[in-house]
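Chemist: First the structure, then my questions, so here it is.
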Amino acid sequence: MRPCRRCGHPTRVDRMVQGYGRNCAALLGLIGGTVDTGHSGPDLLDLLEVEPEDSCDGGDRPADNDLFGGRRRIGLT
-19 MRPCRRCGHP
-9 TRVDRMVQGY
1 GRNCAALLGL
11 IGGTVDTGHS
21 GPDLLDLLEV
31 EPEDSCDGGD
41 RPADNDLFGG
51 RRRIGLT
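If you're matching positions, the sequence shown starts at -19 in the numbering used here and goes up one per residue.
Dropping the structure here:
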């Protein structure tokens, strides 16, 4: 337990945010909150078409196939 830097209330260390307790950190804007918007219906992820099966063989990314990072080693065959 350590005191909060703002209010001095003893707080567990694993619950502190940059030395502040959770309530003080929220008041200072150090942690984000979520707001329930009451959204109903599909979201953007629902509107995406089904992804095709991944068929990448690496041919479209030749830099990933280069073992030497674009440099040729002399003496290797």
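Cβ atoms here follow ideal geometry from the backbone N, Cα and C, with glycine treated the same way.
If contact is defined by three or more beta carbon pairs under 8 angstroms, each pair taking one atom from either stretch, is the segment -8 to 1 in contact with the segment 10 to 23?
Modeler: Yes, since at least three Cβ pairs between the segment 10 to 23 and the segment -8 to 1 fall closer than 8 angstroms, the two stretches touch.
Chemist: Which term fits G18, buried or exposed, when burial requires 16 or more other beta carbons within 10 angstroms of its beta carbon?
Modeler: That one is exposed.
Chemist: On the DSSP bridge assignment, give the partners of R(-18) in chain order.
Modeler: R(-18) is bridged to T(-9).
Chemist: Buried or exposed: which applies to C(-13), given that a residue is buried once 16 or more other Cβ atoms fall within 10 Å of its Cβ?
Modeler: Burial call: exposed.
Chemist: DSSP has V(-3) in a bridge; who is on the other side?
Modeler: In DSSP, V(-3) forms a bridge with Y0.
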